[in-house]
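Protein chains in written order, with my numbering: chain A, 1 to 138; chain B, 139 to 527.
Take a look at the structure set out below.
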Amino acid sequence: MAQSFRMKPPMGEDNGWWWQQAAEGNLAIQRCKACSTLRHPPRPMCGDCQSLEWDHVVASGRGTLDSFTVLHHPQFPGFDYPLIIILVKLEEGTRFTSQLINCSEDAVEFGMPVEMVMHEDPDGFRLPMFQPAQGAHA
Amino acid sequence: MSQFLKDKAAIAGIGLTEFSKKSGVSELSLAAQATLAACEDAGLPPSEIDGFVSYTLDSTDEIELARTVGAGDLKLFTKVNYGGGAAVGTILHAVMAVATGVADNVICYRAMNGRSGQRMGQGISGQIVSSDLVHWSWYMPYGMLTPGSWIAMIANKYMHHHGVTAEDLGRVAISQRNYAQSNPRSFFHGKPLTMEDYLASKMIADPLRLYDFCQETDGGCAILVTSAERARDLQQKPAIIRGVVQASTRGQEQMTSYYRDELDSLPEMEMAAKLVYAQSGLGPDDINAACLYDAFTSEVIMQLESFGFCGRGEGKDMVRDGALDIDGRLPNNTHGGLLSEAYIHGMNSIAEGARLVRGTSTSQPKGVEHVLVSSGVGVPTGALILARD
Ligand SMILES: [Zn+2]
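See the structure below:
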């Protein structure tokens with residue numbers, strides 16, 4: 001199997017399931033079973049109603065860009081610079097931190113519609129990235 | 139907010155090592171030298187120190203330092219979490235101990251080979267699964283490995299929302315660099331900064347350029363906290379601790395609080411402001427000078443709003459008016475700050491706060507009664523108000 005530069009998340013009880021969903025192609029959002037509040041990043045208890053019971057929904061992958069930064073330095077091996085890091089407001093209401101691909105540095109704008117693309121590393125590790133929404137001009 | 143701690147304790151001594159890019163000595167040695175310097179500054183022998191407080195990020199444990207400097211029996215030993223967010227938190231823990239009689243003379247310290255040893259933002263990895271590592275793992279796989287990358291996300295939103303320009307950030311960097319010109323300890327002593335230099339400096343994490351970033355420093359700093367009464371009998375003018383608080387708000391993450399309703403304010407700093415003003419009985423109008431935590435220039439502008447020196451979105455106007463300069467409304471980081479003096483994780487800014495109250499800053503504004511010092515930005519934080527006796 002090919003080596004990957006990417007720092008892998010530690011897989012614990014609170015987050016391993018989420019990465020398993022990503023491996024299956026899904027951008028998951030944890031949901032409280034008792035009060036239905038969505039939460040991200042995942043946690044073992046609902047901060048609103050204190051329930052330990054949860055499931056998840058699969059996000060549509062559509063959202064808008066709440067903020068971003070373009071990273072130039074320092075340059076870590078394996079990443080392509082300038083590296084566009086984004087904070088997406090998913091249409092389900094939670095936010096998600098990710099990378100914007102298929103977009104030039106000059107074309108990034110606050111509020112721009114984006115859509116999820118499941119990225120796969122050479123070693124098979126998958127993580128959600130985003131690109132400008134293809135239907136945006138339709 | 140209880141006023142129990144108000145005026146109970148004081149900073150009686152400050153101690154610094156030389157600041158450099160390669161100390162050539164251990165962090166324990168830096169901590170010991172800084173502690174000894176603080177004791178000598180106060181005129182108190184190390185054998186009378188009975189408490190030590192530091193940062194969880196500090197590699198020097200309390201008892202290692204105690205043995206090394208020849209401290210007495212210890213009644214307090216503790217460390218405060220969250221990087222630079224610990225800074226004035228260490229003072230709070232010392233004050234709580236002194237005010238309650240748990241300990242008499244407490245050293246708060248931070249010593250780091252921050253350039254030649256373990257540098258910030260080198261990434262975190264490992265096989266251990268802790269809630270903290272899981273937190274970082276939402277960012278690390280995407281290449282968000284540095285403090286600059288985490289802060290830039292908030293800085294960009296804030297600047298976009300309020301029309302803050304690159305020149306505004308540059309004004310903060312230049313103001314503090316000007317102070318560094320009269321401070322021989324400063325890394326940038328003898329190296330002034332022009333707006334042209336600032337704008338030409340390389341973009342690191344857009345919108346943050348090289349000169350928006352603090353230093354990486356080898357050095358140590360120690361602060362001696364004792365009762366106000368005892369401090370009056372020692373050899374320096376006491377810096378009375380009128381207010382000191384820690385603050386962390388709902389939805390707080392370490393550096394990446396991206397999931398709260400607002401992205402363009404600092405809720406934990408607003409909370410710290412509210413608490414420290416209530417505890418001290420003071421308000422923004424009473425503050426004559428400040429050491430606002432400045433790992434990044436954008437944080438200084440945002441904190442002017444958090445602490446009520448101006449309204450939301452008006453921080454840039456204060457900066458444009460020269461408010462942070464020596465003859466301005468709020469001389470800020472008169473030692474040069476973490477941007478231009480040294481990055482000792484905010485401990486050196488507490489030392490400057492004490493100097494401002496003593497009247498011994500290398501850029502001393504006139505008529506300083508109260509100085510505000512804040513802890514790290516974007517993390518669980520705190521605020522401190524020092525007063526002239
Ligand atoms: Zn719930």
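Glycine is no exception: its CB is placed at the ideal position from the N, C-alpha and C atoms.
Below 9 Å between beta carbons: does that hold for residue i and residue j?
| i | j | result |
| --- | --- | --- |
| B/Cys429 | B/Val511 | yes |
| B/Leu372 | B/Pro345 | no |
| A/Glu13 | A/Lys33 | no |
| B/Leu147 | B/Val233 | Per the sequence shown, residue 147 of chain B should be read as Ala rather than Leu. Result yes, Cβ atoms of B/Ala147 and B/Val233 sit closer than 9 Å. |
| B/Ala461 | B/Phe447 | yes |
| B/Asp472 | B/Ala427 | The sequence shown places Thr at residue 472 of chain B, not Asp. A contact, by the Cβ cut-off of 9 Å. |
| B/Ile488 | B/Cys246 | yes |
| B/Leu214 | B/Gln417 | no |
| A/Thr97 | B/Met291 | yes |
| B/Tyr349 | B/Ser339 | yes |
| B/Gly221 | B/Val506 | no |
| B/Glu406 | B/Tyr397 | no |
| A/Met11 | B/Pro279 | no |
| B/Gly358 | B/Leu420 | no |
| B/Leu337 | B/Ala304 | yes |
| B/Gly162 | B/Phe326 | no |
| A/Asn15 | B/Ser268 | no |
| B/Gln384 | B/Thr216 | no |
| B/Arg496 | B/Ala377 | yes |
| B/Ala249 | B/Leu166 | yes |
| B/Gln546 | B/Asp145 | Chain B is shown from 139 up to 527; residue 546 of chain B falls before or after that span and cannot be answered. |
| B/Ser313 | B/Asp465 | no |
| A/Ala59 | A/Ile29 | yes |
Starting from residue i, find everything on chain B with Cβ-Cβ shorter than 9 Å and list it in chain order.
| i | result |
| --- | --- |
| A/Asp123 | Those within 9 Å of A/Asp123 in chain B number zero; the least Cβ separation is about 12 Å. |
| A/Asn15 | Val267, Val272, Ser275 and Trp276 |
Output, in chain order, the set of chain A residues within a Cβ distance shorter than 9 Å of residue i.
| i | result |
| --- | --- |
| B/His298 | Ser67 and Phe110 |
| B/Leu271 | Pro9, Pro10 and Gly12 |
| B/Lys295 | Asp66, Ser67, Phe68, Leu87 and Phe110 |
| B/Ala343 | Thr69, Val70, Leu71, His72, His73 and Ile85 |
| B/Met106 | For chain B, the structure presents residues 139 to 527; residue 106 of chain B sits outside this window and is missing. |
| B/Thr238 | Simply none; closest approach about 32 Å. |
Mind checking whether the beta-carbon of residue i lies closer than 8 Å to any heavy atom of ligand 1?
| i | result |
| --- | --- |
| A/Gln30 | no |
| A/Thr37 | yes |
| A/Asp48 | yes |
| A/Ala34 | yes |
| A/Ser51 | yes |
Using the beta-carbon of each residue, which ones in chain B are nearer than 7 Å to residue i?
| i | result |
| --- | --- |
| A/Ser98 | Tyr280 |
| A/Pro132 | None at all; the shortest Cβ gap to chain B is about 18 Å. |
Assuming residue i and residue j form a contact by the criterion Cβ under 8 Å, report the distance between their Cβ atoms to the nearest whole angstrom.
| i | j | result |
| --- | --- | --- |
| B/Ala343 | B/Gly286 | 4 Å |
| B/Cys352 | B/Tyr481 | 5 Å |
| A/Ile84 | A/Glu105 | 7 Å |
| B/Asp242 | B/Leu212 | That belief does not hold up - the Cβ atoms of B/Asp242 and B/Leu212 are roughly 11 Å apart, past 8 Å. |
| A/Leu27 | A/Pro128 | 5 Å |
| A/Leu87 | A/Phe68 | 7 Å |
| B/Ile425 | B/His508 | 5 Å |
| B/Arg257 | B/Lys159 | Actually they are not in contact, since the Cβ atoms of B/Arg257 and B/Lys159 sit about 11 Å apart, beyond 8 Å. |
| B/Ile439 | B/Gly453 | 4 Å |
| B/Gly331 | B/Arg315 | The displayed chain sequence assigns Leu, not Gly, to residue 331 of chain B. Yes, B/Leu331 and B/Arg315 are in contact; Cβ-Cβ is about 4 Å, under 8 Å. |
| B/Ala492 | B/Ile152 | 5 Å |
| B/Ser324 | B/Ser478 | 6 Å |
| A/Phe76 | B/Gly255 | Actually they are not in contact, since the Cβ atoms of A/Phe76 and B/Gly255 sit about 20 Å apart, beyond 8 Å. |
| B/Ala170 | B/Ser185 | B/Ala170 to B/Ser185, Cβ: 14 Å. No contact. |
| B/Gly484 | B/Ala225 | 3 Å |
Applying a beta-carbon distance threshold of less than 7 Å, which residues of chain A neighbour residue i?
| i | result |
| --- | --- |
| B/Asp335 | Ordered by position in chain A, no residue passes the 7 Å Cβ test against B/Asp335, which lies about 17 Å from the chain. |
| B/Leu401 | Asp66 and Ser67 |
| B/Ile439 | Those within 7 Å of B/Ile439 in chain A number zero; the least Cβ separation is about 17 Å. |
| B/Ser287 | Thr69, Leu71 and Ile85 |
| B/Ala241 | Residues of chain A passing the Cβ test: none, with the nearest at roughly 36 Å. |
| B/Ala290 | Thr69 |
For a contact meaning CB atoms closer than 8 Å, what does residue i contact in chain B?
| i | result |
| --- | --- |
| A/Phe79 | Gly281 |
| A/Asn102 | None at all; the shortest Cβ gap to chain B is about 16 Å. |
| A/Arg126 | Correct list: empty, because the minimum Cβ distance to chain B is about 11 Å. |
What residues from chain A crowd round residue i, counting only those whose CB sits closer than 8 Å?
| i | result |
| --- | --- |
| B/Tyr397 | His40, Pro41, Thr94 and Arg95 |
| B/Lys454 | The premise fails here: B/Lys454 is roughly 18 Å from chain A at the closest Cβ pair, so nothing lies under 8 Å. |
| B/Lys340 | His72 and His73 |
| B/Glu435 | Note that residue 435 of chain B is Thr in the sequence shown, not Glu. Those do not exist, as B/Thr435 stays about 15 Å from chain A at its closest Cβ, beyond 8 Å. |
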